[in-house]
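Enquirer: Start counting at 1 in the sequence shown, then tack on 90, and there's your number in this note's numbering.
Quick reminder that beta carbons are idealized off the backbone N, C-alpha and C, glycines included.
Please read all numbers here as calculations on a predicted model, not as lab measurements.
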Amino acid sequence: MKATKAGEHAIETMQVEERRYAPSPEFRKQANAQPDIYNRSLDDFWTKEANERISWFEPWKQLLEWKPPYAKWFIGGKLNVCFNCVDRHVEKGHGGKVAYFWEGEPENDRRQITFADLLQDVVRFANGLKKLGVKKGTHVAIYMGMIPELPVAMLACTRIGAPFTVVFGGFSGESLSGRMNDMSCELLITQDEGWRRGNRVPLKANADAAMESSPTVMQCVVIKRTGGDVQMKQGRDLWASEMLAGTSDDPKSCPCEPMDSEDLLYLLYTSGTTAKPKGIIHTTAGYLVGVATTHHYIFDVKPDSVYWCAADIGWVTGHSYIVFAHLANGTTGIVYEGTPDFPDKDRWWKIVERYKPDILYTAPTTIRTHMKWGPEFAAKHDLSSLRVLGTVGEPINPEAWVWYREHIGANRTPVVDTWWQTETGMILITPLPGITTLKPGSATKPFPTIDAAVYNNAGETVPPGGGGYLVIRQPWPAMLRGIFGDPKRYEETYWSRWKNTYFVGDGARIDEDGDFWLLGRVDDVMNVSGHRISTIEVESALVSHPAVAEAAVAGRNDAQTGQAIVAFVTLKGGKEGSPSMLKELREHVGKVIGKFAAPSNVVFTPELPKTRSGKIMRRLLRDVSENRPLGDTTTLADPTVVAELARRGKEEAGKEES
Ligand code: PRX
Numbered sequence: 091m092k093a094t095k096a097g098e099h100a101i102e103t104m105q106v107e108e109r110r111y112a113p114s115p116e117f118r119k120q121a122n123a124q125p126d127i128y129n130r131s132l133d134d135f136w137t138k139e140a141n142e143r144i145s146w147f148e149p150w151k152q153l154l155e156w157k158p159p160y161a162k163w164f165i166g167g168k169l170n171v172c173f174n175c176v177d178r179h180v181e182k183g184h185g186g187k188v189a190y191f192w193e194g195e196p197e198n199d200r201r202q203i204t205f206a207d208l209l210q211d212v213v214r215f216a217n218g219l220k221k222l223g224v225k226k227g228t229h230v231a232i233y234m235g236m237i238p239e240l241p242v243a244m245l246a247c248t249r250i251g252a253p254f255t256v257v258f259g260g261f262s263g264e265s266l267s268g269r270m271n272d273m274s275c276e277l278l279i280t281q282d283e284g285w286r287r288g289n290r291v292p293l294k295a296n297a298d299a300a301m302e303s304s305p306t307v308m309q310c311v312v313i314k315r316t317g318g319d320v321q322m323k324q325g326r327d328l329w330a331s332e333m334l335a336g337t338s339d340d341p342k343s344c345p346c347e348p349m350d351s352e353d354l355l356y357l358l359y360t361s362g363t364t365a366k367p368k369g370i371i372h373t374t375a376g377y378l379v380g381v382a383t384t385h386h387y388i389f390d391v392k393p394d395s396v397y398w399c400a401a402d403i404g405w406v407t408g409h410s411y412i413v414f415a416h417l418a419n420g421t422t423g424i425v426y427e428g429t430p431d432f433p434d435k436d437r438w439w440k441i442v443e444r445y446k447p448d449i450l451y452t453a454p455t456t457i458r459t460h461m462k463w464g465p466e467f468a469a470k471h472d473l474s475s476l477r478v479l480g481t482v483g484e485p486i487n488p489e490a491w492v493w494y495r496e497h498i499g500a501n502r503t504p505v506v507d508t509w510w511q512t513e514t515g516m517i518l519i520t521p522l523p524g525i526t527t528l529k530p531g532s533a534t535k536p537f538p539t540i541d542a543a544v545y546n547n548a549g550e551t552v553p554p555g556g557g558g559y560l561v562i563r564q565p566w567p568a569m570l571r572g573i574f575g576d577p578k579r580y581e582e583t584y585w586s587r588w589k590n591t592y593f594v595g596d597g598a599r600i601d602e603d604g605d606f607w608l609l610g611r612v613d614d615v616m617n618v619s620g621h622r623i624s625t626i627e628v629e630s631a632l633v634s635h636p637a638v639a640e641a642a643v644a645g646r647n648d649a650q651t652g653q654a655i656v657a658f659v660t661l662k663g664g665k666e667g668s669p670s671m672l673k674e675l676r677e678h679v680g681k682v683i684g685k686f687a688a689p690s691n692v693v694f695t696p697e698l699p700k701t702r703s704g705k706i707m708r709r710l711l712r713d714v715s716e717n718r719p720l721g722d723t724t725t726l727a728d729p730t731v732v733a734e735l736a737r738r739g740k741e742e743a744g745k746e747e748s
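(1) Does DSSP put ASN487 in a helix, in a strand, or in coil?
(2) Which runs of the beta strand (DSSP E) fall wholly inside the region 217-285 and span at least 3 residues, in chain order?
(3) Measuring only the C-alpha atoms, how far is VAL692 from PRO159?
(4) Taking 8 Å as the CB-CB cut-off, is GLY556 touching chain D?
(5) Applying the 10 Å Cβ sphere with the 16-neighbour rule, what's the burial state of SER748?
(6) For THR723 and VAL615, I'd like the C-alpha separation in whole angstroms.
(7) Does the separation of the CB atoms of ALA243 and ILE232 fall below 8 Å?
(8) Any heavy atom of the ligand PRX inside 7 Å of the beta-carbon of PRO521?
(9) Does any heavy atom of the ligand PRX sit closer than 7 Å to the C-beta of THR255?
(10) Taking the straight line between their C-alpha atoms, what separation do you get for GLN120 and HIS635?
(11) Could you tell me which residues DSSP puts in a beta bridge with VAL506?
(12) For LEU208, which three-state DSSP category applies?
(13) At a cut-off of 7 Å, is GLY610 close to the ligand PRX when judged by its beta-carbon and the heavy atoms of the ligand?
(14) Return helix, strand or coil for LEU632, following the three-state DSSP convention.
(15) Mapping the DSSP letters down to three states, classify ASP648 as helix, strand or coil.
(16) Closer than 7 Å by C-beta to ASP211: which residues in its own chain qualify, once you throw out the five before and the five after it? Chain order, please.
(17) Any heavy atom of the ligand PRX closer than 7 Å to the Cβ of GLY483?
(18) DSSP three-state label for ARG201, please.
(19) Enumerate, from N- to C-terminal direction, the unbroken alpha helix (DSSP H) stretches of 4 or more residues contained entirely within the region 399-461.
(20) Threshold first: 3 residues or longer. Then list the beta strand (DSSP E) segments lying entirely within the region 334-395, N to C.
(21) Within 7 Å: the Cβ of VAL561 and any heavy atom of the ligand PRX?
(22) Check for me: the alpha helix (DSSP H) holding GLU139 runs from which residue to which?
(23) LEU608: which of ASN487, GLY376 and PRO305 sits nearest, CA to CA?
(24) DSSP beta-bridge partners for TRP329?
(25) Would you check if the distance between the CB atom of MET270 and the CB atom of VAL307 is smaller than 8 Å?
(26) Do the region 145-153 and the region 164-181 meet, that is, are 3 or more Cβ pairs less than 8 Å apart?
(27) Taking the C-alpha atoms as reference points, what is the distance between PHE574 and VAL482?
(28) Within 10 Å of its beta-carbon, does VAL106 have 16 or more other beta-carbons around it, so buried, or fewer, so exposed?
(29) Taking the beta carbon of GLY555 as the centre, do at least 16 other beta carbons fall within 10 Å, making it buried, or is it exposed?
(30) In terms of residues, what are the limits of the alpha helix (DSSP H) holding SER670?
(31) Would you mind giving the Cβ-Cβ distance between LEU560 and VAL544, rounded to the nearest angstrom? I have them listed as a contact below 8 Å.
(32) When we look at the beta-carbon of ARG571 and count the other beta-carbons within 10 Å, is it buried (16 or more) or exposed?
(33) Could you have a look at GLN564 and say whether DSSP puts it in helix, strand or coil?
(34) Near THR512, which residues of its chain fall below 6 Å by C-beta distance, leaving aside the five closest residues on each side in sequence?
(35) Whose C-alpha, out of SER114, LYS220, TRP463 and PHE173, is nearest the C-alpha of ALA335?
(36) What residues in its chain sit with their C-beta under 6 Å from that of CYS399, if we drop five residues either side in the sequence?
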């Protein structure tokens with residue numbers, strides 16, 4: 091990216107999208123969010139939402155303290171997340187309402203969990219954890235698939251006041267242990283195995299490998315899911331059924347711990363621009379108020395809504411919008427364990443037909459996958475219950491947006507393209523479905539009270555139409571409170587570029603109507619199928635293989651996954667690449683990080699293009715990966731790519747000298 095003069099824009103953008111979709115008069119009239127929502131002041135807005143939406147054990151005294159870059163919200167308040175998500179709904183007489191329709195991947199494996207059931211399950215689980223010595227402040231790790239016990243475990247932790255970290259089940263044992271060590275977790279909750287596309291995911295075996303190098307973890311609770319064989323280490327591992335034996339499910343036997351508004355709720359690890367993932371800190375009150383409020387207005391949730399967020403609970407979307415927002419609002423939700431194509435490509439649409447959700451929230455990569463399979467799978471089923479569709483995780487291309495509305499939403503439903511991050515905790519840029527005129531590909535407007543802008547390199551607002559860096563200039567309740575154990579990195583990553591201004595790391599453009607268009611990451615972070623992976627994480631995984639001398643990684647555009655990973659690898663001792671080495675390297679990255687981070691292309695090259703000071707020319711690698719036809723599948727040494735690398739490397743180094 092070139093430096094710009096004052097007033098200039100920092101990123102070139104060319105996309106022009108003319109299609110417009112205004113809300114229907116009927117939707118407008120009944121919508122939770124009415125146009126005056128944008129006129130409310132920050133104080134008025136969050137004061138009202140916090141008091142109406144959340145139950146407090148002790149009222150808060152001050153809305154916000156902003157000592158950049160640290161914010162505190164709802165100061166002095168006492169509350170409990172589990173109480174808000176579960177107990178109070180039962181106390182108000184809604185115990186019979188379904189909290190989750192759960193659908194396992196094997197067909198006919200279903201459970202219907204009411205709020206009263208959920209309360210019993212959570213109380214028993216919390217009592218079980220207490221028996222093991224878990225108390226307020228104990229750090230707990232959770233490594234599970236999409237089974238009901240996952241939200242139960244998270245809620246049980248919040249009931250006791252034990253901060254937790256959920257590690258996505260697709261991560262390897264090594265990734266799990268890195269996170270458990272960073273957080274000094276004392277207990278791990280996992281399951282024997284998970285189901286994925288008919289295969290068994292060996293969660294406990296991965297956890298065993300992780301615990302070998304996680305000295306702080308003293309106990310491991312294992313939930314039985316598949317019944318497959320697992321090793322149980324005596325004195326360390328126990329079955330959840332043993333832990334739960336004889337525990338009470340009476341809420342009075344395990345009251346909800348009153349927590350301070352700013353007490354740590356959870357850490358969620360996410361990729362940054364170094365090899366070490368960042369433990370993003372979310373605290374109690376601001377987070378809960380932020381997610382519950384956005385959920386209510388953006389998805390237009392009604393008391394009788396059936397809401398399906400089809401993300402994985404292991405990522406922030408699942409934390410905020412499958413567990414905390416949806417339960418705090420007392421909504422009925424759907425949780426599905428498996429993949430959309432098991433046993434066939436219409437599995438999702440069968441689920442829609444069965445449970446009749448009015449809201450569906452998913453990722454562009456999944457929409458593109460359905461698009462590739464063809465509309466006939468959705469057409470076989472009755473999807474007429476759907477009223478609002480949502481997307482999240484990466485920029486959505488207008489064609490996928492329009493396909494989603496047409497084939498899933500019968501050309502009738504609004505599609506809300508919601509922009510946010512692990513760090514923001516809640517959705518920040520989004521349409522409001524009864525107000526906003528939608529433009530396919532645009533996340534449209536900042537949520538009420540969110541002060542988003544696009545800056546150039548000089549920190550000035552870029553005029554309409556120009557591209558630049560997305561920033562947020564005012565705190566919001568669910569914002570991250572730091573990076574666990576690393577305040578310096580927190581300050582440098584997010585707050586050092588411009589004073590008191592949150593640097594997002596995404597490029598964006600604002601058009602003449604004030605609508606935001608997200609342009610992807612501006613740093614060395616890739617977005618593969620909505621999963622954030624840093625180039626350096628994959629590079630260090632590659633060089634940890636004994637045959638690799640050097641590696642550089644770049645993202646290239648991919649029609650389906652958004653970005654795909656291309657690795658340029660130099661082997662030790664001048665060795666040439668081979669198909670078996672290629673396979674080995676992909677497996678190695680799978681083992682170190684997780685399968686989803688395995689490069690889709692590996693280019694073996696005798697050397698990597700470098701500056702005279704020895705820095706790898708990443709931009710050049712990016713260009714090469716973008717512009718060369720590397721194909722859909724893994725390519726071995728592509729002589730034209732390697733020659734191009736060498737030629738352009740020399741050219742650039744020459745320019746640097748002159
Ligand atoms: O680049 C943006 C992209 O995903 C990043 C955040 O990733 P993560 O923390 O894993 O959270 C994903 C789910 C909230 C952002 O910096 N991103 C997310 N939503 C959108 C998006 N890019 C464009 N449009 C979106 N709607």
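Expert: Inspection of the coordinates gives the following:
(1) coil
(2) 230-233, 254-256 and 277-281
(3) 40 Å
(4) No chain D appears in the structure shown, which is made up of a single protein chain.
(5) With a pLDDT of only 42 at SER748, under 50, the local geometry of the prediction cannot be trusted, and the value read off the model is given with reservation. It counts as exposed.
(6) Confidence at THR723 is low in this model, with a pLDDT of 38, below 50, so its placement is unreliable and the value that follows should be read with caution. Between THR723 and VAL615, the C-alpha separation is close to 22 Å.
(7) yes
(8) no
(9) no
(10) 58 Å
(11) GLY480
(12) helix
(13) yes
(14) helix
(15) strand
(16) VAL242
(17) yes
(18) strand
(19) 415-418 and 437-445
(20) 354-360 and 368-373
(21) no
(22) 132-143
(23) ASN487
(24) VAL312
(25) yes
(26) yes
(27) 25 Å
(28) exposed
(29) exposed
(30) 669-682
(31) 6 Å
(32) buried
(33) coil
(34) LEU358, THR360, ILE370 and VAL406
(35) LYS220
(36) TYR411, ILE412 and TYR451
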